[in-house]
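Residue numbers (this note's numbering), protein chains in the order written: chain A, 1 to 260; chain B, 261 to 520.
Just so it is clear, CB atoms sit at the ideal spot from N, CA and C, and this is done for glycine as well.
Below is one structure; the comments refer to it alone.
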DNA sequence: CGCGTCCGTCCCACATCATGGAACGATAGT
DNA sequence: ACTATCGTTCCATGATGTGGGACGGACGCG
């Protein structure tokens with residue numbers, strides 16, 4: 001099989017297994033081994049193994065009783081997660097842009113992963129580039145960011161173990177490392193609806209964070225505005241926090257509508 | 261790597277590539293090769309190849325400019341198709357059950373694939389088992405079934421080439437093999453809203469088929485009631501056809517709501 | 001009731017093909 | 001300009017995926 005072309009680096013088992021997955025998912029019904037073999041024109045043993053492997057990975061499900069294969073839990077989960085995240089970014093962007101235009105500061109969008117926040121989007125003002133302390137895909141500890149605090153505040157008890165981390169790393173001199181203090185702050189955040197962090201993640205930079213809740217009240221993401229400390233006077237902070245809350249609320253609403 | 265256990269028949273490249281896919285899809289942002297490597301703890305070269313392969317298969321997309329990988333077109337297509345089909349079955353079932361209870365005949369659900377109809381669900385009455393001439397997953401030519409005619413009638417011009425098939429296979433003595441006659445029948449179906457087929461697919465068996473349309477009017481599926489010819493007198497046929505149309509309409513409505 | 005067919009599973013010898021360490025070139029950050 | 005990092009390429013190695021074939025159980029037909 002010498003397929004001349006730049007398409008080197010192709011791993012055939014993977015490629016063929018994806019064909020199998022594709023076939024299974026495109027049928028509206030559970031399929032049998034022989035049926036799949038007949039359609040894809042691959043050796044029976046090979047397809048059998050792929051089916052087994054895909055089943056083990058939960059990308060497809062093996063109905064033992066009828067010996068048929070259908071789309072699996074993991075595949076559907078993945079699709080749902082992806083759809084959710086994609087929807088989130090699309091819906092959040094115009095709101096983020098508006099905030100950037102209003103305050104001329106950087107606006108971040110992040111989700112929680114383990115005990116860290118992961119930035120999934122970020123918009124910066126054209127002027128006043130304060131240099132991005134965060135990049136898309138970068139991770140920061142939850143406890144040292146307003147993003148993290150905002151989400152933690154609305155986590156159900158079960159998931160709140162984020163705060164029970166063994167050690168709270170000291171990022172800057174101001175980072176909270178005491179679990180009790182953090183817990184009290186988070187309680188405040190829950191009441192106020194927004195979180196503030198001043199120089200706890202990076203010297204001279206402060207952030208205001210608000211959670212983005214889904215229909216059930218679960219914090220699927222958070223949005224923050226980050227600016228140099230001296231530029232954010234107390235009253236401006238209040239104004240920004242309110243604007244963030246309004247924007248987050250709007251995103252939540254759109255999110256709920258899209259999920260229906 | 262001797263993982264003792266019944267989990268033989270596992271193809272590692274496939275398994276590992278699925279891990280990569282899983283990782284990429286679960287991040288809300290496009291990821292880099294190194295990032296993925298660091299997370300999955302697999303050799304860089306290996307992950308690189310999987311990323312290439314998955315990209316070639318369009319399951320993930322390679323943003324050449326930024327050298328980042330994100331979820332691909334094919335994956336999203338698959339997810340959408342699967343979601344649609346699953347939703348269809350779930351929504352259609354109660355309606356189908358009601359029809360079975362009312363008429364005590366077999367009710368089928370099918371989609372169009374090329375120029376054939378594929379049965380994706382089927383409900384039979386408890387008594388009067390007339391023997392199933394069709395099975396879930398089985399295919400029949402579109403032109404010899406009421407299912408096929410019902411869908412063809414609402415196909416947009418572009419897709420209607422189904423009828424331009426080189427030859428219309430003769431299934432029974434009554435099967436229509438003349439394209440012009442078929443076209444005229446299909447025109448009638450479009451006006452009436454339901455299709456009838458008598459012994460054209462199997463001797464002594466007749467079917468009444470109705471299309472299930474999505475929000476744009478595209479026939480995503482069709483539903484039919486099939487019964488022995490002699491049992492279906494003309495007036496009963498009318499009654500059944502109306503019931504089928506009502507049920508299909510209800511399914512269409514629910515489908516539209518779910519897709520929003 | 002016994003026949004034949006079809007389908008899923010298992011086996012095994014072979015060589016292909018995935019593997020991953022290492023080196024290279026490009027790019028960006030300082 | 002220098003260095004760290006990242007993506008890409010190369011290559012020797014043998015592990016592992018491969019697929020033809022056989023086995024046995026389940027239907028379905030006569």
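Against residue 13/A, the close residues of chain B are 271, 273, 274, in the order they occur along the chain (beta-carbon pairs closer than 7 Å).
Straight across, the Cα-Cα distance linking residue 82/A with residue 456/B is about 43 Å. Residue 68/A places its beta carbon less than 9 Å from that of residue 30/A. In this structure, residue 414/B sits away from residue 500/B, with a CB-CB distance that is not shorter than 9 Å.
Beyond the five residues adjoining it in sequence on each side, residue 333/B comes within less than 8 Å, by CB distance, of 318, 321 in the same chain, given in chain order. Close to chain A, meaning a Cβ-Cβ distance shorter than 8 Å, are the following residues of the segment 287-319 of chain B: 287, 288, 289, 290, 291, 292, 295, 308, 309, 310, 312, 313, 314, 316, 317, 319. Following the DSSP letters along the chain, one finds residue 314/B inside the alpha helix (DSSP H) bounded by residues 304-316. Within the segment 341-354 of chain B, 341, 342, 343, 345, 346, 348, 349 place their CB atoms closer than 8 Å to a CB of chain A, listed in sequence order. Out of 8/A, 25/A, 191/A, 91/A, the CA that lies nearest to the CA of residue 150/A is found in 191/A. Under the three-state reduction of DSSP output, residue 453/B falls in the coil class, being neither helix nor strand. For residue 215/A, the nearest beta carbon of chain B is not closer than 9 Å to its own beta carbon. Remark: three or more beta-carbon pairs, one from each stretch, lie closer than 8 Å, so the segment 107-119 of chain A and the segment 136-150 of chain A are flagged as touching. Exclusion of the five residues before and after residue 112/A leaves 151 as the residues of its chain whose Cβ lies within less than 6 Å of its Cβ. The beta carbon of residue 79/A falls within 9 Å of a beta carbon belonging to chain B, placing the residue at that interface. In summary, residue 433/B is exposed, with fewer than 16 beta-carbon neighbours lying within 10 Å of its beta-carbon over all protein chains present. Between residue 219/A and residue 509/B, the alpha-carbon positions lie close to 38 Å from each other.
When DSSP reads this structure, residue 471/B sits in a beta bridge with 482/B.
Listed in chain order, the positions of the segment 116-150 of chain A with a beta carbon within less than 9 Å of a beta carbon of chain B are 118, 119, 120, 121, 136, 137. Beta-bridge partners of residue 61/A (DSSP): 70/A. Nearest Cα to residue 492/B within the set 427/B, 458/B, 515/B, 471/B: 458/B.
With a beta-carbon spacing of about 7 Å, residue 88/A and residue 255/A fall inside the 8 Å limit used to define contacts. According to the DSSP assignment, residue 379/B belongs to the beta strand (DSSP E) that extends over 376-383.
The continuous stretches of alpha helix (DSSP H) do not include residue 110/A, which lies in the beta strand (DSSP E) extending over residues 106-113. Per DSSP, the unbroken beta strand (DSSP E) holding residue 401/B starts and ends at 399-401. Residues of the segment 63-74 of chain A with a C-beta atom less than 8 Å from some C-beta of chain B are 71, 74, listed in chain order.
Under the 8 Å Cβ criterion, the segment 170-189 of chain A does not count as touching the segment 221-237 of chain A, having fewer than three qualifying pairs. A distance below 9 Å separates the beta carbons of residue 9/A and residue 309/B.
In terms of beta-carbon proximity, residue 18/A lines the interface with chain B, with at least one pair separated by less than 9 Å.
Contact of residue 21/A with chain B is assigned, a C-beta pair being separated by under 9 Å. The beta carbon of residue 111/A falls within 9 Å of a beta carbon belonging to chain B, placing the residue at that interface.
When the Cα atoms are used, residue 477/B and residue 382/B turn out to be separated by approximately 24 Å.
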